[in-house]
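Colleague: Before we start, here is the structure in question, set down as structure tokens.
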Amino acid sequence: MIGTLIDIGATNNVIRSQCCLQDVRILTQSGDEWAVEDWLLDKTSDRDMRSFVLTPDTKIPIEIGLLLDQELEDALIVQEYRIATAEGPDCFAVGFALYSGDVVVSIPTSPIWDTHPLRAYVCSDLSIIREVVVDHASREGHCYLLQELFKKRYISSVTTAAELNSEKEKLFPNLRFSPDVADQIEQIDSRYITGVLAKLAKMNETAEHWRKAESVTPSYLFQWRGESASTMSNSDCLAARKFRMPEGNTFDIFEHHTDFSKSHRIHFIEDRNERDFIIGYIGNHLPTVLFPH
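Following our numbering, the numbering of the sequence shown begins with 77 at its first residue and continues without gaps.
Structural data, given as structure tokens:
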């Protein structure tokens, strides 16, 4: 599961721990000290469980200590972070996640851990200070929920034309953009940026599903339409829909379009070879025979 979080970009490849897992010592009820290292070397131990413990310890670097400044550490320690209810188990990792924005990872030993996101109560002196929610994973399925959540957060963090221009390829990896789009985006009023992002996100999702399905044509998750025959036979209207292809040295006609407001359009080409969409134009409604502007 930790590997999955790393693969999907939800976290880096560092586990924060107070010590190496193989150095952990547990005091048993009989008073004996149980060493994880000895258990790992015992060939009679459960193979799957040994693999579970060894994998993060050997394949993912472990950062010793939480690297908190003393003032912050003191502030975190004086509070408790109760899971599910004010009487639930205390989990310091929640406090650290609130500070760092990291993902809390747990083993679902009980139903309270088998959830995403994780709700907790911050308590001090037996009194509830506030209820909090942190990103959390205890199963692989939670990792993919986190991935979708992070995508939405990433998109919602973009608020200006300049940010959209610089981040569009990262935000929408299943779309390709004409070089002409950069200047077009700069002309868009900032109040329409949210609408552009929402529509591009739907187009990106459609292309993603298209590639996974390996179908000839996509199952569209957004409304689109073509131009009228009269518009496409008009030389001026046709020229208005001609934009550079992504490589920049050829032009094509971008007839298909979808709207992101009543007066704004995104013109695109459906590329059946690559199973993606090429964006040629983002901006005001282009001229037609009926509405030549």
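The beta carbon of each residue, even a glycine, is placed where N, CA and C say it ideally should be.
The structure presented is a predicted model; accordingly, all values stated were derived computationally and were not measured.
Could you work out which residue in Ser127, Ile358, Asn250 is closest to Gln260 when comparing CA atoms only?
Modeller: Nearest of Ser127, Ile358, Asn250 to Gln260, Cα basis: Ile358.
Colleague: Does Ile261 come out as helix, strand or coil in the three-state DSSP assignment?
Modeller: Helix, per DSSP.
Colleague: CA-CA distance, Asp352 and Ser214?
Modeller: The alpha-carbon atoms of Asp352 and Ser214 are separated by roughly 34 angstroms.
Colleague: Leaving aside the five residues before and after Tyr197 along the sequence, list all residues of the same chain whose C-beta is less than 6 angstroms from its C-beta, in chain order.
Modeller: Excluding positions up to five away in sequence, the list reads Arg158, Ala162, Ile204, Glu207.
Colleague: Could you check where the alpha helix (DSSP H) with Val170 kicks off and where it finishes?
Modeller: From DSSP, the alpha helix (DSSP H) with Val170 extends over 168 to 176.
Colleague: Report yes or no: do the segment 322 to 340 and the segment 252 to 271 share at least 3 C-beta pairs separated by less than 8 angstroms?
Modeller: A contact exists between the segment 322 to 340 and the segment 252 to 271.
Colleague: Following the continuous beta strand (DSSP E) through Lys318, name the residue where it begins and the one where it ends.
Modeller: Note, Lys318: beta strand (DSSP E), 318 to 320.
Colleague: Contact criterion: CB-CB distance below 9 angstroms. Does Ala213 meet it with respect to chain C?
Modeller: The chain inventory of the structure shown lacks chain C, comprising one protein chain alone.
Colleague: With DSSP collapsed to three states, give me the class of Arg158.
Modeller: Three-state DSSP puts Arg158 in a strand.
Colleague: Using alpha carbons as the reference points, say which of Glu331, Asp114, His343, Glu350 lies closest to Lys288.
Modeller: For the residues Glu331, Asp114, His343, Glu350, the minimum Cα distance to Lys288 belongs to Glu350.
Colleague: What would DSSP say about Val272, mapped onto helix, strand or coil?
Modeller: Here Val272 sits in helix by DSSP.
Colleague: When the Cα atoms are used, what is the spatial distance from Lys275 to Asp335?
Modeller: Each residue's Cα considered, the two are about 8 angstroms apart.
Colleague: Reducing DSSP to helix, strand and coil, say where Leu116 ends up.
Modeller: Here Leu116 sits in helix by DSSP.
Colleague: According to the neighbour-count rule (16 or more other Cβ atoms, all chains shown, within 10 Å of its Cβ), is Arg267 buried or exposed?
Modeller: Arg267 should be labelled exposed.
Colleague: Whole angstroms is fine: what's the gap from Lys338's alpha carbon to His361's?
Modeller: So the two alpha carbons sit approximately 9 angstroms from each other.
Colleague: So if DSSP puts Asn360 in a beta bridge, which residue, or which two residues, is it bridged to?
Modeller: Partner(s): His340.
Colleague: Ignore the nearest five residues each way along the sequence and tell me which others in His333's own chain have a CB closer than 6 angstroms to its CB.
Modeller: Correct list, in chain order: Arg341, His343.
Colleague: Counting along the chain, where does the alpha helix (DSSP H) carrying Ser232 start and finish?
Modeller: Here the alpha helix (DSSP H) through Ser232 covers 216 to 232.
Colleague: Kindly indicate which three-state DSSP category His345 falls into: helix, strand or coil?
Modeller: Residue identity check: residue 345 is Ile in the sequence provided, not His. Correct three-state label for Ile345: strand.
Colleague: For the alpha helix (DSSP H) holding Leu247, just list the boundary residues, first then last.
Modeller: Its alpha helix (DSSP H) spans residues 237 to 247.
Colleague: Out of Val181, Thr185, Cys199, which one is the CA nearest neighbour of His374?
Modeller: This structure cannot settle anything about residue 374, because the visible part of the chain is limited to 77 through 369.
Colleague: To which residues of the same chain is Glu147 closer than 8 angstroms at the C-beta, ignoring the five residues directly before and after it?
Modeller: Around Glu147: no qualifying Cβ.
Colleague: Quick one, are the C-beta atoms of Ala160 and Ile183 less than 9 angstroms apart?
Modeller: Not closer than 9 angstroms, so no.
Colleague: So, at 7 angstroms on beta carbons, what are the nonlocal neighbours of Phe298 in its own chain, with the 5 sequence-adjacent residues on each side left out?
Modeller: Excluding sequence neighbours, Phe298 sits near Lys275, Lys278, Met279, Thr282, Thr334.
Colleague: Contact defined as beta carbons within less than 8 angstroms: I believe Glu156 pairs with Cys199. What is the distance between those atoms, to the nearest angstrom?
Modeller: At roughly 5 angstroms, the Cβ-Cβ gap stays under 8 angstroms, so Glu156 and Cys199 are in contact.
Colleague: Mind checking Gly217: buried by the 16 CB within 10 Å criterion, or exposed?
Modeller: With fewer than 16 Cβ atoms within 10 Å of its Cβ, Gly217 is classed as exposed.
Colleague: Would Glu235 pass as a contact of Thr185 if the rule is Cβ separation under 9 angstroms?
Modeller: Before going on, a small fix: residue 235 reads as Thr here, not Glu. It is not a contact, given that the beta carbons lie outside the stated cut-off.
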